[in-house]
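Asks: Chains as they are written, first to last, in this note's numbering: chain C, 22 to 438; chain U, 10 to 484.
Glycine is no exception: its CB is placed at the ideal position from the N, C-alpha and C atoms.
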Amino acid sequence: MLIEQKLTILADAAKYDASCASSGSKGTRTGSRLGTTEGMGICHSYTPDGRCVSLLKILLTNYCIFDCQYCVNRVTSDTPRARFSVEEVVRLTIQFYQRNYIEGLFLSSGIIQNADYTMDQMVLVAKSLRVDHKFGGYIHLKTIPGASDQLLEEAGRWADRLSVNVELPTPADLKMLAPEKKAPEIEEAMDTIKSRIDQFKADRKAGFKPDRFAPAGQSTQMIVGATATPDLDILNTSASLYSKQHLRRVYYSAYSPIPHADARLPGRSPPLVREHRLYQADWLLRFYGFQASELVAEADRNLSLDIDPKLAWALQHRDFFPVDVNRASRELLWRIPGIGTRNVDRILSIRRHHRLCISDLKKLRVAWNRTAPFVITHDHNPGLRSLDKLGLRDQLKVKEKQLLLFDSDESSIDGQL
Amino acid sequence: MQTYTVETFEEWRGIARQLLRSRVSPGDVCFHEQSSQGSLFDAAQEEQSVAAAEATTVISVPPKFLNLARVVACHRDPDRFQLLYRLLWRLTTLDSRLLEVHTDDDVYQVRRMEKAVRRDIHKMHAFVRFRKVISEEGEQFIAWHRPDHRIVRLAVPFFARRFPAMNWAILTPDESVVWNQTELVYGPGCSQRDAPAPDELEDLWRTYYGAIFNPARIKLKAMVREMPLRHWKTLPETEIIQELLDDAPRRVAEMIARQEGHARSAADHLPAELTWDALRDAAVICRGCDLYRDATQTVFGEGPTDARIVLVGEQPGDSEDIAGRPFVGPAGDVLNDALAQAGLNRAEIYVTNAVKHFKFERSETRRLHQKPSAREASACRPWIEAELKLIKPDILVCLGATAAQSLIAPGFSITRQRGEFLPSDWCGSTIATYHPSAILRSPTPAQRQATLSLLVDDLVRVRARLNEITHGTVS
Numbered sequence: 022m023l024i025e026q027k028l029t030i031l032a033d034a035a036k037y038d039a040s041c042a043s044s045g046s047k048g049t050r051t052g053s054r055l056g057t058t059e060g061m062g063i064c065h066s067y068t069p070d071g072r073c074v075s076l077l078k079i080l081l082t083n084y085c086i087f088d089c090q091y092c093v094n095r096v097t098s099d100t101p102r103a104r105f106s107v108e109e110v111v112r113l114t115i116q117f118y119q120r121n122y123i124e125g126l127f128l129s130s131g132i133i134q135n136a137d138y139t140m141d142q143m144v145l146v147a148k149s150l151r152v153d154h155k156f157g158g159y160i161h162l163k164t165i166p167g168a169s170d171q172l173l174e175e176a177g178r179w180a181d182r183l184s185v186n187v188e189l190p191t192p193a194d195l196k197m198l199a200p201e202k203k204a205p206e207i208e209e210a211m212d213t214i215k216s217r218i219d220q221f222k223a224d225r226k227a228g229f230k231p232d233r234f235a236p237a238g239q240s241t242q243m244i245v246g247a248t249a250t251p252d253l254d255i256l257n258t259s260a261s262l263y264s265k266q267h268l269r270r271v272y273y274s275a276y277s278p279i280p281h282a283d284a285r286l287p288g289r290s291p292p293l294v295r296e297h298r299l300y301q302a303d304w305l306l307r308f309y310g311f312q313a314s315e316l317v318a319e320a321d322r323n324l325s326l327d328i329d330p331k332l333a334w335a336l337q338h339r340d341f342f343p344v345d346v347n348r349a350s351r352e353l354l355w356r357i358p359g360i361g362t363r364n365v366d367r368i369l370s371i372r373r374h375h376r377l378c379i380s381d382l383k384k385l386r387v388a389w390n391r392t393a394p395f396v397i398t399h400d401h402n403p404g405l406r407s408l409d410k411l412g413l414r415d416q417l418k419v420k421e422k423q424l425l426l427f428d429s430d431e432s433s434i435d436g437q438l
Numbered sequence: 010m011q012t013y014t015v016e017t018f019e020e021w022r023g024i025a026r027q028l029l030r031s032r033v034s035p036g037d038v039c040f041h042e043q044s045s046q047g048s049l050f051d052a053a054q055e056e057q058s059v060a061a062a063e064a065t066t067v068i069s070v071p072p073k074f075l076n077l078a079r080v081v082a083c084h085r086d087p088d089r090f091q092l093l094y095r096l097l098w099r100l101t102t103l104d105s106r107l108l109e110v111h112t113d114d115d116v117y118q119v120r121r122m123e124k125a126v127r128r129d130i131h132k133m134h135a136f137v138r139f140r141k142v143i144s145e146e147g148e149q150f151i152a153w154h155r156p157d158h159r160i161v162r163l164a165v166p167f168f169a170r171r172f173p174a175m176n177w178a179i180l181t182p183d184e185s186v187v188w189n190q191t192e193l194v195y196g197p198g199c200s201q202r203d204a205p206a207p208d209e210l211e212d213l214w215r216t217y218y219g220a221i222f223n224p225a226r227i228k229l230k231a232m233v234r235e236m237p238l239r240h241w242k243t244l245p246e247t248e249i250i251q252e253l254l255d256d257a258p259r260r261v262a263e264m265i266a267r268q269e270g271h272a273r274s275a276a277d278h279l280p281a282e283l284t285w286d287a288l289r290d291a292a293v294i295c296r297g298c299d300l301y302r303d304a305t306q307t308v309f310g311e312g313p314t315d316a317r318i319v320l321v322g323e324q325p326g327d328s329e330d331i332a333g334r335p336f337v338g339p340a341g342d343v344l345n346d347a348l349a350q351a352g353l354n355r356a357e358i359y360v361t362n363a364v365k366h367f368k369f370e371r372s373e374t375r376r377l378h379q380k381p382s383a384r385e386a387s388a389c390r391p392w393i394e395a396e397l398k399l400i401k402p403d404i405l406v407c408l409g410a411t412a413a414q415s416l417i418a419p420g421f422s423i424t425r426q427r428g429e430f431l432p433s434d435w436c437g438s439t440i441a442t443y444h445p446s447a448i449l450r451s452p453t454p455a456q457r458q459a460t461l462s463l464l465v466d467d468l469v470r471v472r473a474r475l476n477e478i479t480h481g482t483v484s
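#1: Taking CB distances under 9 Å as the criterion, tell me whether C:Gly-125 reaches chain U.
#2: Using a 10 Å radius around the Cβ and a threshold of 16 neighbouring Cβ atoms, would you call U:Arg-171 buried or exposed?
#3: Let's see if you can read the secondary structure: which residues bound the beta strand (DSSP E) around U:Lys-141?
#4: Can you grab the Cα-Cα spacing for the pair U:Leu-49 / U:Met-10, in whole Å?
#5: For the stretch 164-179 of chain U, which residues have a CB atom closer than 7 Å to at least one CB atom of chain C, in sequence order?
#6: Helix, strand or coil, according to DSSP, for U:Ser-48 in the structure here?
#7: Under 9 Å, Cβ to Cβ, is there at least one residue of chain C near U:Met-232?
#8: Would U:Leu-485 count as contacting chain C if we go by Cβ distances under 9 Å?
#9: Flag C:Asn-135 as yes if its beta-carbon sits less than 9 Å from any beta-carbon of chain U, otherwise no.
#10: Hey, which unbroken runs of the beta strand (DSSP E) at 3 residues or more fall wholly within the stretch 318-353 of chain C?
#11: Are the beta-carbon atoms of U:Gln-414 and C:Ile-86 separated by less than 9 Å?
#12: Quick check on DSSP: helix, strand or coil for C:Ala-275?
#13: Using a cut-off of 9 Å between C-beta atoms, extract the partners of U:Pro-419 located in chain C.
#14: Does C:Met-22 pass the burial test, meaning 16 or more other C-beta atoms within 10 Å, or should it be called exposed?
#15: Taking just the CA atoms, how far does U:Glu-311 sit from U:Arg-334?
#16: Can you confirm whether C:Arg-285, when its beta carbon is compared against all beta carbons of chain U, has any partner nearer than 9 Å?
#17: Check the C-beta distance from C:Val-312 over to C:Asp-329 and give it rounded, since I have them as a contact under 8 Å.
#18: Taking CB distances under 9 Å as the criterion, tell me whether C:Asp-70 reaches chain U.
#19: May I ask you to verify whether the stretch 119-128 of chain C touches the stretch 212-227 of chain C, counting CB pairs closer than 8 Å and requiring at least 3?
#20: Which same chain residues end up closer than 6 Å to U:Val-483 when comparing Cβ atoms and leaving out the 5 residues on each side of it in sequence?
#21: In this structure, what does DSSP give as the bridge partners for U:Ala-178?
#22: Considering Cα atoms alone, identify which of U:Leu-431, U:Arg-427, U:Ile-331, U:Gln-456 is closest to U:Tyr-443.
#23: Excluding the five sequence neighbours on either side, which residues of its own chain have a C-beta within less than 7 Å of the C-beta of C:Arg-151, listed in chain order?
#24: If you draw a straight line from the alpha carbon of U:Cys-295 to that of U:His-366, how long is it in whole angstroms?
#25: Report back the beta-carbon spacing between C:Gln-239 and C:Ser-184 to the nearest angstrom; my notes put them in contact at under 8 Å.
#26: Against chain C, which members of the stretch 114-140 of chain U pass a CB distance test of less than 8 Å?
#27: For the candidate residues U:Arg-384, U:Pro-35, U:Thr-424, U:Phe-139, whose alpha-carbon lies nearest to that of C:Thr-97?
#28: Kindly indicate which three-state DSSP category U:Val-319 falls into: helix, strand or coil?
#29: I'd like the list of long-range same chain contacts for U:Val-165, defined as Cβ closer than 7 Å, with 5 residues on each side in sequence excluded.
#30: On the DSSP letters alone, give me the boundaries of the alpha helix (DSSP H) that U:Phe-2 sits inside.
#31: Tell me U:Phe-40's beta-bridge partners as DSSP assigns them.
#32: Based on the DSSP secondary-structure assignment, which residues constitute the bridge partners of C:Phe-127?
#33: C:Leu-299 lies in the alpha helix (DSSP H); which residues open and close that run?
#34: Report yes if the C-beta distance between C:Ile-115 and C:Met-140 is below 9 Å; otherwise report no.
#35: Taking a contact to mean a Cβ-Cβ separation below 9 Å, would you say C:Pro-236 touches C:Ser-53 in this structure?
#36: Looking only at its chain, what residues have a beta carbon closer than 7 Å to the beta carbon of U:Ala-257, apart from the 5 residues adjacent to it on each side?
Here's what the structure looks like:
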């Protein structure tokens with residue numbers, strides 16, 4: 022099989038992996054002759070789906086012995102199959118990197134033979150890049166649950182980031198759609214990685230010079246919309262992953278229609294708006310001091326689709342407002358709709374010089390129409406009048422019509438942002 | 010009014026330092042670029058010599074401001090140096106913490122310029138596309154790029170760190186730069202005609218770009234916002250965007266429409282109530298996969314529904330298909346023999362198969378057994394799951410790889426993992442062993458005897474385990 026054909030099959034199969042981040046590694050590996058990781062990652066291109074292309078994101082192979090119903094590569098799917106050799110992946114990565122197409126490699130794989138064999142092949146790719154080619158670019162390895170600790174250890178040594186997919190939001194979902202993947206196995210893999218990262222940090226702090234271990238931390242992904250699990254459960258799962266496993270990121274992937282998908286799955290893609298709302302809520306959990314239970318307000322335990330989660334919270338807690346932008350603490354400012362953490366920092370520093378008026382907030386580019394009903398400014402804020410009005414929610418809904426690209430394609434009706 | 014011609018940050022800094030020392034207010038000074046048209050009165054005025062003022066007073070400028078000014082100086086706005094001097098004046102004479110006030114008009118404007126320049130640097134790091142050129146001097150990687158602002162010197166040290174061991178050059182309309190693996194050498198600007206010919210690898214890159222695109226999501230606005238059209242000329246992948254968009258509805262329709270095959274399974278035929286009679290009757294008309302078409306009939310499990318042991322084979326064979334009962338042909342004889350040797354009574358055991366229809370290939374004289382595919386095994390799974398749920402055996406015995414892979418683990422290997430009790434989703438004591446047909450297929454009588462004795466050994470283990478469970482030594 023030609024390399025083009027393999028690349029078509031194995032990149033196509035990887036497109037369901039949401040993560041393309043190449044950030045978080047602190048500094049380039051010493052001794053590198055090709056490639057750097059300097060803080061922020063770079064998006065080298067964008068595809069028409071609006072997602073960035075930062076890494077060469079491919080599967081080593083899409084042959085798989087598992088039968089996860091949401092996955093295009095499950096053993097019972099008749100999708101075309103291919104397998105890269107270790108050398109082919111290494112060569113492709115180097116060639117693309119030299120031309121500045123990519124930041125590095127994101128390598129995942131179907132499970133062939135067994136977890137250890139598959140993991141071993143992936144580790145070989147990373148090791149060859151680091152050792153034979155002195156490659157200093159970004160490497161993200163998806164680890165295979167059930168692989169031995171020794172292989173995880175070696176994976177962490179060569180990779181910048183490791184990830185273990187939790188796949189689905191709850192163990193019950195997993196049992197229904199991915200019966201062969203076991204929640205405890207996934208957790209165990211995460212625990213192992215976490216304790217190794219902790220150990221690395223402790224060793225370094227104590228003055229030793231330990232081998233690098235996944236300097237960009239670990240992340241995970243779950244598929245949203247393949248089961249009926251409500252957003253509250255999803256966010257609770259994320260919250261516990263952030264607090265217990267210290268994950269850098271949880272990625273949500275709206276379930277995409279997959280060729281030959283199972284009858285147990287919904288036939289169309291879920292609204293991409295839901296995925297977007299989950300990311301917004303995820304941000305509020307991590308940077309704004311919100312709890313999952315506060316954010317999910319609807320009776321069906323899902324996030325509102327028509328307004329963002331922070332606004333939804335504010336509308337339900339109108340007694341909490343108005344907040345005075347010239348007096349309130351940082352934590353209170355975080356709760357105001359339309360104002361982000363960066364602008365909160367700016368507001369706090371401007372306050373040392375003068376009191377803020379509406380014109381100041383507009384200059385900071387807060388989303389003023391969402392902010393107006395909730396804040397007291399130094400000058401008179403007429404927007405405050407609507408705080409207690411019943412129709413406030415309708416007034417604040419985004420009026421834009423959903424973008425329609427293909428009338429024949431229903432997913433664009435419920436999906437686009 | 011004093012007038013200065015300034016091109017770079019360094020020039021501006023030297024002049025600004027002198028002006029500050031002489032306490033020249035921003036209203037009395039005017040900065041120009043060489044290229045821009047001077048004002049009407051310029052000709053009459055001599056350029057001021059900045060060397061005049063003596064370096065006597067110490068001026069302290071926040072380092073933050075210097076970094077900011079270094080970036081803003083690369084902006085193409087002709088007023089940038091004027092603005093920077095005004096801000097510097099205010100910082101040093103009025104309020105040293107002015108930069109904190111983001112809403113101040115000058116700070117706001119300078120920050121916006123800073124943001125534009127930083128974004129441009131970032132985009133240069135992202136969108137430079139090297140093309141490999143082989144000449145007598147060896148291989149060189151050359152890129153042509155058009156930045157919005159005059160950022161080359163700020164942006165290229167990044168490439169020197171990233172590609173230290175490559176010979177590369179970046180050509181821009183303002184200036185060019187060459188890296189010879191030791192230092193950066195700057196040269197004059199180039200036109201796009203100087204760009205090298207396409208690299209053969211660009212086809213492969215476009216292949217990747219097309220494949221990683223998910224046609225089920227289209228967000229063109231997001232794409233164009235982050236990858237502005239003016240950069241498309243130098244990005245080889247943008248050539249196929251229209252093609253991808255034209256093809257997207259077809260690809261999505263295909264993704265949604267092609268729900269063939271696996272969408273069906275025995276789950277659609279399960280009866281509402283979970284009794285053995287209801288299950289067997291429902292299985293008679295199962296259409297969960299296509300095997301029913303050629304097979305004579307469904308061969309369901311048989312045996313006492315309160316059995317403590319369940320044996321699961323692969324699928325019915327030729328004789329079973331005709332008789333409608335499991336393990337009654339030659340493989341059944343081997344099984345009966347092995348059970349007897351192990352001291353187990355078949356009448357007390359529930360015997361069934363992972364797949365309930367016979368799959369075969371016709372030869373001229375016979376119907377030859379064919380292994381069921383993973384898809385067929387998966388489609389049939391609801392039956393065996395229902396049987397196990399109903400019977401709740403103490404011990405589950407998987408005969409052969411098909412049963413073991415379906416009920417224990419997908420990668421299960423009989424040769425490596427047989428004869429061991431494992432917990433499974435269906436039973437705390439699950440064991441796998443050879444299928445009786447494996448004994449029939451053994452090429453020599455000696456091998457046949459050896460495999461049979463392994464099967465008997467495993468069945469003896471089953472009997473022992475059953476005793477242990479009875480006496481409560483294991484659960």
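Replies: With the given structure in hand:
#1: no
#2: buried
#3: 140-144
#4: Reliability fails at U:Leu-49, whose pLDDT of 49 lies under 50, so the model's placement of it is uncertain and the value that follows must be treated cautiously. Each residue's alpha carbon lies about 13 Å from the other.
#5: Arg-170, Arg-171, Phe-172, Pro-173, Ala-174, Met-175
#6: Bear in mind that the predicted position of U:Ser-48 carries a pLDDT of just 49, short of 50, making it unreliable; the figure below should be weighed with that in mind. Coil at U:Ser-48, not helix or strand.
#7: yes
#8: Limits of chain U in this structure are 10 at one end and 484 at the other, which puts residue 485 of chain U out of reach.
#9: yes
#10: none
#11: yes
#12: strand
#13: Cys-85, Ile-86, Phe-87, Asp-88, Val-96, Ile-132, Glu-201
#14: exposed
#15: 7 Å
#16: For C:Arg-285, the pLDDT reaches just 48, beneath the cut-off of 50, and the residue's location in the model is therefore unreliable, leaving the point undetermined.
#17: The sequence shown places Gln at residue 312 of chain C, not Val. No, C:Gln-312 and C:Asp-329 are not in contact; Cβ-Cβ is about 17 Å, not under 8 Å.
#18: yes
#19: no
#20: Glu-477
#21: U:Ile-151, U:Val-187
#22: U:Arg-427
#23: Trp-179
#24: 10 Å
#25: 6 Å
#26: Tyr-117, His-131, His-134, Ala-135, Phe-136, Val-137, Arg-138, Phe-139, Arg-140
#27: U:Arg-384
#28: strand
#29: Ile-179, Val-186, Leu-193
#30: Residue 2 of chain U falls outside the range modelled here, since chain U spans only 10 to 484, and no answer is possible.
#31: U:Tyr-13
#32: C:Lys-78, C:His-161
#33: 293-308
#34: no
#35: no
#36: Pro-224, Ile-227
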